[in-house]
Amino acid sequence: MLKSKTFVKKTRSGGVMKVVREHYLRDDIWCGSEVCTECKQDSAVLQRDACIESSLCPYPHYLVPDTNIVLRQIDVLEDPVIRNVIILQTVLQEVRHRSAPVYKRLKDIIHEQGRHFYTFTNEHHRETFIEREPGESANDRNDRAIRVAVKWYSQHLKTAESGSDGLKVVLLTNDQGNKLKAEENGLVVYKFDEYIKSLIGNPELVDCLALSNDDKNEVTSSKVLFPEHLPLSKVQAGIKSGSFLQGTFRASRDNYLEATVFVQGEGEDSTEVLIQGLQNLNRAVHQDVVAVQLLPKNQWVAPSSVVLQDDGAAKDDNVDEDEEEKLTGPLTETARRATGKVVGIIKRNWRPFCGMLNVSQIKESTRHLFTPADRHIPRIRIETRQASTLAGQRIMVAIDGWPKDSRYPNGHFVRSLGGAGEKDTEEEVLLLEHDVPHQAFSQAVLSFLPKMPWSITPEDMAQRQDLRHLTVCSVDPPGCTDIDDALHYRELENGKLEVGVHIADVSHFIRPGNALDKEAANRGTTVYLCGKRIDMVPELLSSNLCSLRSNVERFAFSCIWELNHKAEILKTRFTKSVINSKASLTYAEAQMRIDDASKNDDITKSLRGLNKLAKILKRKRIENGALTLSSLEVRFHMDSETHDPIDLQTKELVETNSMVEEFMLLANISVAQKIYDEFPESALLRKHPAPPPSNYDILIKAAKSKNVMIHTDSAKALADSLDVAKVDGFQYFNTLLRILATRCMMQAVYFCSGMDSDFHHYGLASPIYTHFTSPIRRYADIIVHRLLAVAIGADSTYPDLMDKHKQSTLCNNLNYRHKMSQYAQRASVAFHTQLFFKTRGILNEEGFVLFVRKNAIIVLIPKFGLEGTVFFDSKDKASPNLVFDEEGPTLKVEQHTFHIFDQVKVTISLDDSNIQHQKIRMALTEPVIPGVSVPVPEAEPQAKKQKLDR
3 MLKSKTFVKK TRSGGVMKVV REHYLRDDIW CGSEVCTECK QDSAVLQRDA CIESSLCPYP
63 HYLVPDTNIV LRQIDVLEDP VIRNVIILQT VLQEVRHRSA PVYKRLKDII HEQGRHFYTF
123 TNEHHRETFI EREPGESAND RNDRAIRVAV KWYSQHLKTA ESGSDGLKVV LLTNDQGNKL
183 KAEENGLVVY KFDEYIKSLI GNPELVDCLA LSNDDKNEVT SSKVLFPEHL PLSKVQAGIK
243 SGSFLQGTFR ASRDNYLEAT VFVQGEGEDS TEVLIQGLQN LNRAVHQDVV AVQLLPKNQW
303 VAPSSVVLQD DGAAKDDNVD EDEEEKLTGP LTETARRATG KVVGIIKRNW RPFCGMLNVS
363 QIKESTRHLF TPADRHIPRI RIETRQASTL AGQRIMVAID GWPKDSRYPN GHFVRSLGGA
423 GEKDTEEEVL LLEHDVPHQA FSQAVLSFLP KMPWSITPED MAQRQDLRHL TVCSVDPPGC
483 TDIDDALHYR ELENGKLEVG VHIADVSHFI RPGNALDKEA ANRGTTVYLC GKRIDMVPEL
543 LSSNLCSLRS NVERFAFSCI WELNHKAEIL KTRFTKSVIN SKASLTYAEA QMRIDDASKN
603 DDITKSLRGL NKLAKILKRK RIENGALTLS SLEVRFHMDS ETHDPIDLQT KELVETNSMV
663 EEFMLLANIS VAQKIYDEFP ESALLRKHPA PPPSNYDILI KAAKSKNVMI HTDSAKALAD
723 SLDVAKVDGF QYFNTLLRIL ATRCMMQAVY FCSGMDSDFH HYGLASPIYT HFTSPIRRYA
783 DIIVHRLLAV AIGADSTYPD LMDKHKQSTL CNNLNYRHKM SQYAQRASVA FHTQLFFKTR
843 GILNEEGFVL FVRKNAIIVL IPKFGLEGTV FFDSKDKASP NLVFDEEGPT LKVEQHTFHI
903 FDQVKVTISL DDSNIQHQKI RMALTEPVIP GVSVPVPEAE PQAKKQKLDR
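Going from the sequence shown to my numbering is simple: count from 1 and add 2.
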């Protein structure tokens with residue numbers, strides 16, 4: 003049966019086009035139930051014995067949720083207790099349009115066989131399809147479609163030949179109008195919370211209910227604490243007229259009463275608006291898209307230098323005015339920033355948050371405050387009857403809303419993650435909080451892997467250059483199994499030199515558009531945690547078939563140069579190849595070979611040749627203005643049984659680290675130029691923007707405090723300044739400056755060449771750059787491989803590869819995943835550092851002041867690559883006399899003045915008084931300031947020390 007709709011629409015050129023939409027209706031769409039004998043279905047999804055113990059529905063029943071139930075209550079629907087659910091096509095389509103994340107979660111449940119969720123295509127069934135009536139809204143039409151489908155199901159199952167054993171179909175809706183009409187039609191219908199509260203065996207599900215608007219009124223006070231948010235129509239009109247600005251709300255991690263709103267402009271015209279005080283923050287949550295109104299200039303303030311955190315004690319709904327008074331920074335004209343207030347929310351960016359429950363002190367209370375692990379997020383008020391069970395556990399909570407008369411947002415419990423402080427639990431929290439996809443690869447993804455045993459066929463060899471005879475070797479960190487890159491070096495008969503960079507040919511195994519490719523594109527990058535790796539591609543590829551291990555034949559994508567002895571490139575060629583690596587070395591092993599004069603085998607001679615050229619390449623790069631910055635990376639030595647850290651030290655770099663880096667940089671630059679020459683509109687490149695001059699203020703001030711001048715006019719001026727920056731008797735000064743300079747830098751980002759005109763990489767002083775050398779762990783490199791393969795005629799193209807808009811969207815995801823990966827790595831280091839110090843008691847170490855704040859100093863401990871804050875004000879005792887000078891910046895504590903880079907001695911210990919936010923506590927021992935410094939701890943007993951060393 004065919005329904006068609008004809009209408010006309012105006013084209014861009016002003017013409018009129020007739021459009022005919024055809025809608026096919028069928029009567030052979032299955033109902034999906036085991037009780038039915040009318041539908042000719044091979045395998046039914048909905049069970050005959052569909053029993054969930056319910057006081058409202060003591061009979062077998064199927065559930066049909068409406069769209070709003072799915073959107074609002076997905077956390078409950080994900081619980082395994084909820085089974086035998088009919089998801090109507092009407093609902094599925096609406097959910098898809100309104101929330102991509104919920105749609106994905108719903109699809110995952112539908113694909114889970116044990117859940118018995120069935121999708122019924124009611125919009126194409128002859129007896130359940132309905133036309134929209136004149137004057138009927140789309141929403142009302144969809145509600146009616148749901149009621150019609152539920153009525154059809156009820157009648158259809160009643161007439162089933164085998165009898166339906168009293169089986170009923172239950173509509174779940176919170177829409178009062180929809181519920182009344184369903185009851186008039188004789189349908190079984192309940193509000194969602196009514197049904198969930200009726201489940202006899204699962205009272206804990208009530209905690210997972212998202213609050214409805216009716217419920218929200220019960221858990222708020224009568225006192226209005228926040229201004230009303232403007233309706234979206236007024237917000238949009240205000241943005242159009244220029245009276246409001248639209249931007250992304252970024253809450254401060256260090257000060258819960260302060261935030262900035264990032265307003266995206268054209269090119270470099272982006273601005274940040276400062277927001278201070280609870281009323282001006284007006285219920286915005288980190289990463290929400292908001293509308294802000296600028297305050298009059300005489301009300302503009304400076305960013306606060308105070309570190310202010312909403313402490314763990316549950317407060318009432320009153321705003322703490324004492325803390326708000328601490329906010330304002332020094333009001334010099336240069337310090338003032340554009341300041342505003344949030345007037346409306348354009349898009350909420352809420353997600354389930356990990357954290358812990360602050361159990362209410364009121365006996366029998368079901369209302370408790372939840373403290374998120376992420377300090378950007380405010381505490382959330384939830385209702386739960388499981389408080390005693392959940393105390394001391396890491397849990398997930400979702401926000402439902404934030405009424406204007408509530409100090410905190412309202413939310414609901416989602417699930418428990420495990421005991422706080424347990425290694426597996428904390429790792430799960432870390433991955434969830436940084437949005438790292440870490441679930442096991444699905445069968446759909448694994449189905450696209452090569453079948454084992456795998457081998458290279460003669461057909462493969464015919465399409466590739468055979469380079470198995472070359473002395474190729476790889477140099478990587480110890481324990482590396484995902485070996486992306488290998489190198490070769492040889493002297494040619496013409497007196498010139500040949501160097502090859504051979505990269506794992508991952509794009510041969512991952513074909514565009516399949517499930518494996520989509521999963522890798524979503525993950526974007528491999529995430530390296532301490533002692534654990536979250537792979538971007540399945541292990542069969544990452545650690546086996548793509549990994550360029552020694553003494554096995556592997557596919558590679560090779561970049562081969564002919565150079566002279568001055569390391570000048572004479573020729574460059576790219577080819578798909580087959581290699582057989584002769585050695586998989588660590589950086590230390592490669593360095594020992596180079597340094598051992600008694601070794602003269604082919605591999606060692608190759609390494610020496612590479613090292614000699616690399617030194618020339620590095621010198622040239624630095625002469626061109628490339629920056630050599632510094633950041634302290636730490637390495638943990640793990641206990642082989644407990645996997646807890648037993649030693650912590652900063653990573654030491656050897657010459658071979660630099661050797662490999664130089665050739666990887668050269669390959670990336672060569673490939674970038676090639677793909678841009680071939681595809682100027684769709685090349686995937688990487689750029690590093692120059693920092694705005696204001697970013698360097700802290701670096702210039704820090705150097706000036708030691709009478710050293712830093713020039714920041716260009717990357718070369720900065721590099722030259724850093725090279726000559728020395729202070730007599732202060733050996734570590736130059737490293738500290740470089741660490742500080744690293745903090746001034748912008749984030750490097752991927753972009754599509756057709757969408758940007760600024761290609762320059764500031765840190766490398768290169769006019770063009772990309773990522774080609776790590777396709778096992780970065781998806782950007784896979785795209786670059788595909789572009790290069792098309793450029794040299796080794797592979798065919800596909801539409802998305804040449805679409806600059808799709809490339810740009812992909813780059814946005816890759817930049818996001820890369821940033822989150824870095825944050826997750828840092829969080830993993832921080833957690834393992836806490837585990838390390840847990841068994842160490844109190845240590846006394848030397849450090850340097852890295853930053854000066856209004857009430858604290860940030861201290862760097864080079865021995866451990868560790869940063870910590872020494873606070874000088876305390877709620878427990880009288881604060882010392884503090885004078886902060888932003889110009890220095892300096893902080894005078896009683897009679898002693900602290901400057902950046904001052905040497906200090908501190909005690910280091912683990913503060914686990916707050917189990918969720920355990921932190922390294924530092925206290926000053928030198929310089930000695932009466933009433934501030936703490937006594938130096940006594941040395942540990944020798945026996946204990948030896949045990950720790952062992």
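Beta carbons are placed, not taken as given, at the ideal position from N, Cα and C, and that holds for glycine.
**Item:** residue 342 burial status per 10 Å Cβ neighbour count (16 or more: buried)
**Value:** buried
**Cβ-based burial, residue 477 [other Cβ within 10 Å; buried from 16]** = buried
**Prompt:** Can you tell me whether DSSP reads residue 839 as helix, strand or coil?
**Reply:** helix
**Message:** Extract the residue ranges of the alpha helix (DSSP H) inside the stretch 408-468, only unbroken runs of 4 or more that lie entirely within it.
**Reply:** 425-435, 445-448 and 460-464
**Range covered by the beta strand (DSSP E) that runs through residue 120** = 119-122
**Request:** Only counting runs of 4 or more residues, tell me where the alpha helix (DSSP H) segments fall wholly within the stretch 486-545, in order along the chain.
**Result:** DSSP runs (the alpha helix (DSSP H)) wholly in the stretch 486-545: 508-511 and 517-525.
**Request:** Pick helix, strand or coil for residue 314, following the three-state DSSP scheme.
**Result:** Note that residue 314 has pLDDT 46, beneath the 50 cutoff, so the model's placement of it is unreliable and the number below is only indicative. Reduced to three states, the DSSP call for residue 314 is coil.
**Request:** Can you tell me the Cβ-Cβ gap for residue 514 and residue 904, rounded? I've got them flagged as a contact below 8 Å.
**Result:** With a Cβ gap of about 56 Å, residue 514 and residue 904 do not count as contacting.
**Request:** Would you kindly work out how many angstroms separate the C-alpha atoms of residue 448 and residue 541, rounded to a whole number?
**Result:** 10 Å
**Prompt:** Can residue 116 be considered in contact with the ligand ATP, in the sense that its beta carbon sits closer than 6 Å to one or more heavy atoms?
**Reply:** As far as ligands go, the structure on display features none, and thus does not contain the ligand ATP.
**Given 8 Å, three or more beta-carbon pairs between the stretch 357-366 and the stretch 391-399** = yes
**Item:** Which of helix, strand or coil DSSP assigns to residue 210
**Value:** helix
**Request:** Figure out for me which residue from 559, 524 and 267 has the closest Cα to the Cα of residue 504.
**Result:** 559
**Asked** residue 563 lies in the beta strand (DSSP E); which residues open and close that run?
**Response** 555-565
**Buried versus exposed call for residue 749 [16 or more other C-beta atoms within 10 Å across all chains shown]** = exposed
**Message:** I'd like to check one pair, residue 836 with residue 920: are the Cβ atoms closer than 7 Å?
**Reply:** yes
**Request:** Please report the Cβ distance between residue 296 and residue 278, rounded to the nearest whole angstrom; I am assuming they are in contact, meaning their Cβ atoms lie under 8 Å.
**Result:** With a Cβ gap of about 13 Å, residue 296 and residue 278 do not count as contacting.
**Request:** Have a look at residue 143 and residue 372 and give me their C-alpha separation to the nearest angstrom.
**Result:** 40 Å
**Asked** According to DSSP, is residue 956 helix, strand or coil?
**Response** The shown model of the chain, from 3 to 952, leaves out residue 956, and the question about it has no answer.
**Message:** Is it buried or exposed, residue 723, if we count other Cβ atoms within 10 angstroms and call 16 or more buried?
**Reply:** With 16 or more Cβ atoms within 10 Å of its Cβ, residue 723 is classed as buried.
**Asked** For the 8 Å Cβ check, are there 3 or more pairs between the stretch 493-509 and the stretch 564-574?
**Response** yes
**Close-in-space but distant-in-sequence residues of the same chain around residue 819 (CB under 6 Å, 5 per side omitted)** = 526 and 527
**Message:** With the cut-off set at 7 Å, would you say residue 52 and residue 64 are in Cβ contact?
**Reply:** yes
**Spatial neighbours of residue 67 in its chain, beta-carbon cut-off 6 Å, leaving aside the 5 residues before and after** = 174
**Message:** Please classify residue 456 as buried or exposed, where buried requires at least 16 neighbouring CB atoms within 10 angstroms.
**Reply:** exposed
**Prompt:** With 16 as the cutoff for other CB atoms within 10 Å, does residue 116 come out buried or exposed?
**Reply:** exposed
**Message:** Applying the 10 Å Cβ sphere with the 16-neighbour rule, what's the burial state of residue 944?
**Reply:** Low confidence applies to residue 944: its pLDDT is 37, below 50, so where it sits in the model is not reliable enough to give any reading.
**Message:** Quick test of your reading: residue 693 and residue 746, contact by CB under 8 Å. State the CB separation rounded to the nearest angstrom.
**Reply:** About 5 Å separates the two Cβ atoms, so the contact holds.
**Prompt:** Among 110, 857 and 438, which has the Cα closest to the Cα of residue 829?
**Reply:** Nearest of 110, 857 and 438 to residue 829, Cα basis: 438.
**Message:** With three or more beta-carbon pairs closer than 8 Å as the criterion, would you say the stretch 759-773 touches the stretch 613-633?
**Reply:** Contact between the stretch 759-773 and the stretch 613-633 is present, because at least three Cβ pairs lie under 8 Å.
**Asked** Contact between the stretch 197-214 and the stretch 74-87: three or more CB pairs below 8 Å?
**Response** yes
**Prompt:** Start and end of the alpha helix (DSSP H) containing residue 579?
**Reply:** From DSSP, residue 579 is part of no alpha helix (DSSP H) but of the beta strand (DSSP E) over 571-582.
**Item:** Euclidean distance between Cα positions of residue 222 and residue 368
**Value:** For residue 222, the pLDDT reaches just 45, beneath the cut-off of 50, and the residue's location in the model is therefore unreliable, leaving the point undetermined.
**Reference residue 340; option with closest CA among 263, 821 and 609** = 263
**Request:** On the DSSP bridge assignment, give the partners of residue 398 in chain order.
**Result:** Residue 398 is bridged by DSSP to 356 and 417.
**Prompt:** Closest to residue 860 by CA distance: which of 893, 717 and 155 is it?
**Reply:** The shortest Cα separation from residue 860 among 893, 717 and 155 belongs to 893.
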